[in-house]
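Residue numbering for the sequence shown follows this note's numbering, starting at 20 and increasing by one per position.
Don't be surprised by glycine CBs; every beta carbon is placed ideally from N, CA and C.
Computed from a predicted model, the values in this text were never measured in an experiment.
Below is one structure, written out as structure tokens, with a few remarks after it.
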Amino acid sequence: MSKPIVSVSGIRGVIGETLLPEEALRWSLAYGTMVDGGTVVLGRDTRLSGEMLRGAVLAGLLSTGCKVIDLGIVPTPTLQLAVQHWQADGAVCITASHNPAEWNALKFFDSSGMYLDAEGLRKLKGIYEAGEFKRARWKEVGQIQHDGTAIDRHIERILTCVDVERIRSKKFKVVIDCVNGAACFISPRLLERLGCEVIALFEKPTGIFQRNPEPIAENLTELCRVVKENGADVGFAHDADVDRLAIVADGGEALGEEMTLVIAVYHVLAHKERGAVVTNLSTTMAVDEVAKHFGVEVYRTPVGDINVSKRLKEVGGAIGGEGNGGVIYPKIQYARDAIAALALVLEFMAMHNEPLSELVKRMPRYHMAKKRLAISKTPTPELFERIKQRYTAEEIIEEDGVKLKWDDHWVHVRPSGTEPILRVIAEAKTLEQAEKLCDEVINDMKRLLEL
Ligand code: MG
């Protein structure tokens, strides 16, 4: 039987095929050993396999002597915030995020609530492979404490960071697509606290997702329809563990996931605080334009939540995130938090008297093409070197694969952390230009790789 995929975003696999409870147990034994039997926060999304994996993870953690704070079903950012609250040594979240329902995964966090970084994961993998786990004697076996108030605390924290009265005065009509995931327990409640008229879609936490859980525009047709039919001010969509937010404007246009961060950055810099912006190398250059407008620096990191969160903390930035709809607002926490992002977008709308569809027209907008090339072996540095030499780019960035940049377009080639593919992402003023640039680079690579 094949093994789960191990990457910076956790241990992922298909239930009953590549992700089995005995694997989850072994990884949890390794994690419990790594935190030396400390306090670990545990949460999960709504997937049907969540309870089964919870059993395996609990056995691993308790048998290494960990005290487990079990939050039940919660969004990943709620769990990350709970690590701070409990001053825990780490956390495990059972969720496969935006993957379909047959997938599940274990995600591991450190004592600050951030994902394990590459070094932390290497250490965990070392313990897993060596198989020398801490074993508690009968009196030291860990115990479980249930915490049913993590979501309440998360909502209260968000409400202290936005102008609640201003948002409430607008009485926004909002459609929220919870994708039958962990959002069912938080987003409609937060919207009600913000005085919104709420229409909830896929709001039953069944774990059987009624649409593909990745909140990209093509998966949001139902949300677009309901926003339009009800004359709503805005529609919001999440993935299953609520660290990504996609926005549908009044009238029913899906703005595309890249625009979530652009709007959040614009709002924070214009109305809340000035400071540096941190995002990854594959995120839209509209972020740079907004930052330039407000005279602040943009720092770019390799792709991955932990890379952005870490740099944002280091530079003390005002806002950061990833183009996939993951917004990190440090006033709340150094984690992609789609519930906080939703409140920021409503606050932005409340500060203007125009509909969102008009407001976004004033923001820079580009078009992105995202393609992939299957490869049989790990790409060598020579491949990236040769790609670099074929183009006369104005700027070349080699931190994460290779990114070639010009004044109003760019292309980024990077090896996937989870699959044997190269990701090719290009952005330009039109979709045709972006697609053409992607295809050109893919064809070049095919020749170089003799595919
Ligand atoms: Mg997610």
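Below 6 Å, is the gap between the Cβ of D258 and the nearest heavy atom of the ligand MG? yes
Please determine, among I195, V284 and A78, the residue with the shortest C-alpha to C-alpha distance to E241. I195
Nearest by alpha-carbon distance to I358: which of E175, L300, K190 and V54 is it? E175
P23 versus K465 - alpha carbon distance: Those two C-alpha atoms are separated by around 28 Å.
Rounding to the nearest angstrom, what Cα-Cα distance links D55 and S301 in this structure? 37 Å
Quick test of the definition: if touching needs 3 or more C-beta pairs under 8 Å, does the region 243–250 touch the region 207–214? Two segments are said to touch when three or more pairs of C-beta atoms, one from each, lie closer than 8 Å; by this definition the region 243–250 does not touch the region 207–214.
Does M370 come out as helix, strand or coil in the three-state DSSP assignment? It is coil, neither helix nor strand.
Could you tell me which whole alpha helix (DSSP H) segments of length 4 or greater appear in the region 108–171? With a minimum length of 4 residues, the continuous alpha helix (DSSP H) runs that stay inside the region 108–171 are 137–149.
Roughly how many whole angstroms lie between the Cα atoms of V183 and V364? Each residue's alpha carbon lies about 12 Å from the other.
Does DSSP put W46 in a helix, in a strand, or in coil? helix
Pull up the distance between the alpha-carbon of R154 and that of G62, whole angstroms please. 23 Å
Could you tell me which residues DSSP puts in a beta bridge with G62? C112
Quick one, which of S68, E159, A283 and K407 has its alpha-carbon nearest E36's? Ranked by how close their Cα comes to the Cα of E36, the residues S68, E159, A283 and K407 have S68 in first place.
Considering only residues of the same chain and omitting the five flanking positions on each side of R293, which have a CB-CB separation below 8 Å? F313, G314, V315 and A337
Tell me where the alpha helix (DSSP H) around H428 begins and ends. Taken as a continuous stretch (DSSP letters only), H428 belongs to no alpha helix (DSSP H), as it is neither H nor E.
Would you check if the region 362–379 and the region 263–274 touch, i.e. whether three or more CB-CB distances between them fall below 8 Å? yes
Flag this pair as yes or no: are the beta carbons of T437 and S47 separated by less than 7 Å? no
As a quick exercise: from K422, P94 and L81, pick the residue whose alpha carbon is nearest that of C197. P94
Alpha helix (DSSP H) containing S188: first to last residue? V183 to K189
So, for C17: in the same chain, excluding its five sequence neighbours on each side, which residues have a beta-carbon less than 6 Å away from its beta-carbon? What is shown of the chain runs 20 to 470, which leaves residue 17 out entirely.
Where does the unbroken beta strand (DSSP E) through D458 begin, and where does it stop? Run containing D458: none in the beta strand (DSSP E); it sits in the alpha helix (DSSP H), L450 to L468.
Taking the DSSP output, what are the residues bridged to N299? Answer is T320.
Examine the ligand MG and report whether any of its heavy atoms sits within less than 6 Å of the Cβ of R384. no
By a C-beta neighbour count over all protein chains shown, 10 Å radius and 16 as the cutoff for buried, is T298 buried or exposed? buried
Rounded distance between the beta-carbons of A107 and L90, thought under 8 Å: Not really, about 11 Å apart at Cβ, beyond 8 Å.
Please say whether A305 and V346 have beta carbons closer to each other than 7 Å? No, they are not a contact pair.
Along the chain, where does the alpha helix (DSSP H) containing F403 start, and where does it finish? P400 to R409
Sort D64, G79 and S28 by Cα distance to Y50 and report the nearest one. Ranking the options by Cα distance to Y50, first place goes to G79.
DSSP puts D89 in a beta bridge; with which residues? L61 and H165
According to DSSP, is S328 part of a helix, a strand, or is it coil? helix
If we count the other Cβ atoms within 10 Å of its Cβ and call it buried at 16 or more, is G342 buried or exposed? Residue environment: G342 is assigned as buried (16 or more neighbouring CB atoms within 10 Å of its CB, all protein chains considered).
Where in the region 254–292 do unbroken runs of the beta strand (DSSP E), each at least 3 residues long, occur, reported from the N-terminal end onward? With a minimum length of 3 residues, the continuous beta strand (DSSP E) runs that stay inside the region 254–292 are 264–268.
State the CB to CB distance for the pair L361 and F255, rounded to an integer number of angstroms; the pair is presumed to be in contact (CB under 8 Å). 5 Å
Does DSSP put R384 in a helix, in a strand, or in coil? coil
Residue burial classification, Q99 (beta-carbon count within 10 angstroms, cutoff 16): buried
Tell me the DSSP bridge mates of G340? The partner list for G340 (beta bridge, DSSP) reads T298 and V346.
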